[in-house]
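Taking it in order: structure first as structure tokens, then the write-up.
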DNA sequence: CCGGGATTGGCAAACGTTTGCCAAGAGGTA
DNA sequence: TACCTCTTGGCAAACGTTTGCCAATCCCGG
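Residue numbers (this note's numbering), protein chains in the order written: chain P, 26 to 354; chain X, 26 to 354.
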């Protein structure tokens with residue numbers, strides 16, 4: 026590797042421009058007005074010398090890093106890359122950087138990740154907690170130190186959060202399935218410790234009680250992977266052979282169910298739907314629920330920077346839409 | 026938000042333990058031996074006061090951040106989350122954090138992301154460059170400032186890089202297709218400005234020249250999405266109706282091709298293969314090429330930290346395996 | 001020509017840590 | 001006992017920036 030030039034400091038810019046350090050700092054940041062001629066001269070010197078402000082020095086002084094931490098339960102679930110992307114854009118639009126930590130679906134790792142982010146001095150943390158109960162201590166501990174916003178998955182209603190309404194898409198889903206003649210719907214969740222999965226399950230229960238009051242409630246806990254979806258599908262056909270539609274808590278499970286049921290296209294015996302409208306759903310033509318990720322992201326980032334100023338807890342709920350595809354024809 | 030405790034500094038720990046700041050620093054970091062009793066006392070004070078070293082202060086002094094930058098061309102291509110995850114694990118194992126930037130397939134954004142990472146003072150950057158030529162300037166500029174390692178996609182052979190061998194999986198693929206009676210293979214790439222896609226295309230050309238010397242070479246440029254795969258598939262059937270196997274430069278394209286050809290399972294007229302063995306390939310039973318992501322990641326992280334010490338450029342090549350599935354039966 | 005207010009440059013302190021240097025003490029040897 | 005070496009604690013400087021405070025200058029009106 027060729028020798029790396031050492032960095033130009035503000036001191037050298039000041040010397041070059043024949044001004045004091047403070048004037049240079051103010052000219053560059055605009056913290057206070059400077060005489061136009063001087064401003065120009067500073068800009069020119071900085072440009073020519075290739076000066077870039079040292080974020081470490083600045084952070085030490087300002088006690089800000091202009092950086093958001095982002096804790097994700099499982100980056101291999103394709104919903105989260107989409108969410109990350111949206112949050113990154115929203116953050117960039119406000120001049121903030123983000124640093125991502127993957128919890129690997131493990132509350133222990135998640136907790137350590139939170140500590141690490143806080144030690145890294147991020148200004149706030151956005152988190153989709155892994156586990157409804159096991160993540161609670163870590164979350165609250167973190168929230169006692171810096172602003173923390175729960176995104177998508179919320180496990181503590183008291184702390185700030187941004188989420189979607191789970192009921193309305195389930196209503197749309199059930200209505201559609203009913204209209205196409207299905208009567209015996211079964212829900213396959215993730216682990217019941219996943220906040221969103223549990224909410225979807227409860228919404229399903231409510232909606233079903235309305236739509237099919239006499240139908241028994243069929244709910245199966247699943248897992249995180251497509252594999253667990255396959256297993257759940259086997260169990261469903263065996264346990265409740267009447268089932269003519271399976272509502273899944275996310276796309277991974279939906280894909281697994283679809284695989285197990287046989288992937289022949291067109292009208293099929295059992296309708297299947299997923300959740301999150303990931304590219305998986307596109308790939309296998311799975312009906313799914315599209316979350317307004319960009320709005321979620323913008324709201325979350327606003328909340329994070331806002332939380333630094335006023336201390337008002339944030340609670341926002343967005344609506345999402347069902348995207349119907351071949352799997353429910 | 027409840028009031029946030031302000032941080033405990035090393036000064037307070039020193040006062041509490043009745044020792045000097047430097048002794049505390051050394052006791053905690055182990056930079057120099059301290060008398061066991063003192064070490065114990067320091068540890069106890071630090072623990073009790075809840076002291077955590079301030080990474081900003083430390084970084085200012087040491088001029089290190091113990092953080093790696095990671096520039097990804099497109100986080101919604103599921104190969105990259107897998108790569109990110111692997112790199113995160115490898116980095117964590119060495120006590121390093123990572124900060125991720127998504128280039129959104131745009132060399133402009135990529136360039137800015139690189140600058141931002143460097144401004145953030147990451148110790149080194151791992152990058153999968155977006156564009157074979159348009160990324161070059163930004164890459165070299167960055168490499169002139171801090172250690173930069175190209176991962177997976179390499180566009181400058183002179184700079185450090187970690188990659189896989191593309192030829193051997195293509196050989197396996199072609200051999201398998203040939204053994205199952207296919208004769209008229211067509212390659213569908215991404216844009217020819219994607220380094221890996223181009224390498225795969227060239228490998229395909231070489232291998233085909235060997236295996237089917239009399240067969241004309243059929244190569245189609247594609248795009249980044251499943252959609253472009255669908256379009257490519259239409260073009261292939263129209264332009265080269267004899268085609269009985271399509272080798273795609275990645276899984277997204279493979280999925281699109283599969284969709285367009287009709288997704289009926291079992292032996293089909295045209296065999297299809299993808300690349301990267303993402304969860305998409307699992308979902309649609311697409312034959313694909315599995316890269317040794319964990320090894321890539323470990324090598325890349327080693328290279329990044331190594332580059333700080335010796336200045337030896339790194340060039341490593343790993344082998345990858347074909348995973349055969351229903352799409353090539 | 002003087003006084004007062006507004007504007008803007010500079011000094012120096014602070015943010016929290018690590019580390020080179022010095023000196024004090026401990027322990028061993030002659 | 002005297003001397004030498006080795007260990008280990010403390011002082012203070014440095015990393016690069018922002019900003020509170022003061023002072024100098026300028027402009028304007030009387």
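We put the CB at the ideal spot given by N, CA and C, even for glycine.
I want to see whether chain X comes within less than 9 Å of residue i, judged by CB atoms only; does it?
i: residue 307 (chain P); result: yes
i: residue 105 (chain P); result: yes
i: residue 129 (chain P); result: yes
i: residue 288 (chain P); result: The pLDDT assigned to residue 288 (chain P) is 49, lower than 50, so where the model puts this residue is not dependable; a value taken from the coordinates is nonetheless given after this. Yes, residue 288 (chain P) counts as interfacial toward chain X.
i: residue 146 (chain P); result: yes
i: residue 13 (chain P); result: Residue 13 (chain P) lies beyond the stretch modelled for chain P, which goes from 26 to 354, so this question has no answer here.
i: residue 215 (chain P); result: no
i: residue 284 (chain P); result: yes
i: residue 187 (chain P); result: no
i: residue 92 (chain P); result: yes
i: residue 109 (chain P); result: yes
Check for me: the beta strand (DSSP E) holding residue i runs from which residue to which?
i: residue 110 (chain X); result: No beta strand (DSSP E) contains residue 110 (chain X), which is instead part of the alpha helix (DSSP H) from 104-118.
i: residue 346 (chain X); result: 346-348
i: residue 166 (chain P); result: Per DSSP, residue 166 (chain P) belongs to no beta strand (DSSP E); it is in the alpha helix (DSSP H), 161-168.
i: residue 186 (chain P); result: 186-189
i: residue 298 (chain P); result: 296-298
i: residue 179 (chain X); result: It is not in any beta strand (DSSP E) - residue 179 (chain X) carries neither H nor E in the DSSP assignment.
i: residue 78 (chain P); result: That residue, residue 78 (chain P), is in no beta strand (DSSP E); it is neither H nor E in DSSP.
i: residue 223 (chain P); result: Looking at the DSSP string, residue 223 (chain P) is not in any beta strand (DSSP E); the run it does join, the alpha helix (DSSP H), is 220-236.
Does the distance from the CB of residue i to the CB of residue j come in under 9 Å?
i: residue 306 (chain X); j: residue 299 (chain X); result: yes
i: residue 115 (chain X); j: residue 351 (chain X); result: no
i: residue 318 (chain X); j: residue 111 (chain X); result: yes
i: residue 109 (chain X); j: residue 124 (chain P); result: no
i: residue 159 (chain P); j: residue 185 (chain P); result: no
i: residue 89 (chain P); j: residue 144 (chain P); result: no
i: residue 79 (chain P); j: residue 32 (chain P); result: yes
i: residue 287 (chain P); j: residue 257 (chain P); result: no
i: residue 180 (chain P); j: residue 161 (chain P); result: yes
Determine the direct distance from the alpha carbon of residue j to that of residue i, and round the result to whole angstroms.
i: residue 342 (chain X); j: residue 190 (chain X); result: 6 Å
i: residue 229 (chain X); j: residue 348 (chain X); result: 17 Å
i: residue 97 (chain X); j: residue 327 (chain X); result: 19 Å
i: residue 232 (chain X); j: residue 192 (chain X); result: 8 Å
i: residue 316 (chain P); j: residue 95 (chain X); result: 27 Å
i: residue 155 (chain P); j: residue 217 (chain P); result: 11 Å
i: residue 100 (chain X); j: residue 34 (chain P); result: 35 Å
i: residue 138 (chain X); j: residue 210 (chain X); result: 39 Å
i: residue 168 (chain X); j: residue 182 (chain X); result: 13 Å
i: residue 345 (chain P); j: residue 330 (chain P); result: 25 Å
i: residue 43 (chain P); j: residue 63 (chain P); result: 10 Å
i: residue 311 (chain X); j: residue 223 (chain P); result: 32 Å
i: residue 240 (chain P); j: residue 234 (chain P); result: 8 Å
i: residue 244 (chain X); j: residue 272 (chain X); result: 9 Å
i: residue 212 (chain P); j: residue 262 (chain X); result: 41 Å
i: residue 200 (chain X); j: residue 253 (chain X); result: 27 Å
i: residue 122 (chain P); j: residue 93 (chain P); result: 6 Å
Taking 9 Å as the CB-CB limit, is residue i close to chain P?
i: residue 59 (chain X); result: no
i: residue 151 (chain X); result: no
i: residue 316 (chain X); result: no
i: residue 122 (chain X); result: yes
i: residue 251 (chain X); result: yes
i: residue 77 (chain X); result: yes
i: residue 278 (chain X); result: no
i: residue 310 (chain X); result: yes
Here's a check: name, in chain order, each residue in its chain whose Cβ is nearer than 8 Å to the Cβ of residue i, leaving out the five neighbours to either side.
i: residue 41 (chain X); result: 70, 73, 74
i: residue 36 (chain P); result: 46
i: residue 38 (chain X); result: 49, 67, 70, 71, 74, 76
Would you mind reading off the limits of the alpha helix (DSSP H) that contains residue i?
i: residue 279 (chain P); result: 276-286
i: residue 318 (chain P); result: 318-331
i: residue 192 (chain X); result: 192-204
Give every residue of the same chain whose Cβ lies closer than 7 Å to the Cβ of residue i, excluding the five residues on either side of it in the sequence, and list them in chain order.
i: residue 207 (chain P); result: 269, 270, 296
i: residue 136 (chain X); result: 163
Apart from the five residues on each side of it in sequence, which residues of its chain come closer than 6 Å, Cβ to Cβ, to residue i?
i: residue 196 (chain X); result: 232
i: residue 303 (chain X); result: 103, 104, 276
i: residue 214 (chain X); result: 222, 226, 246, 247, 274
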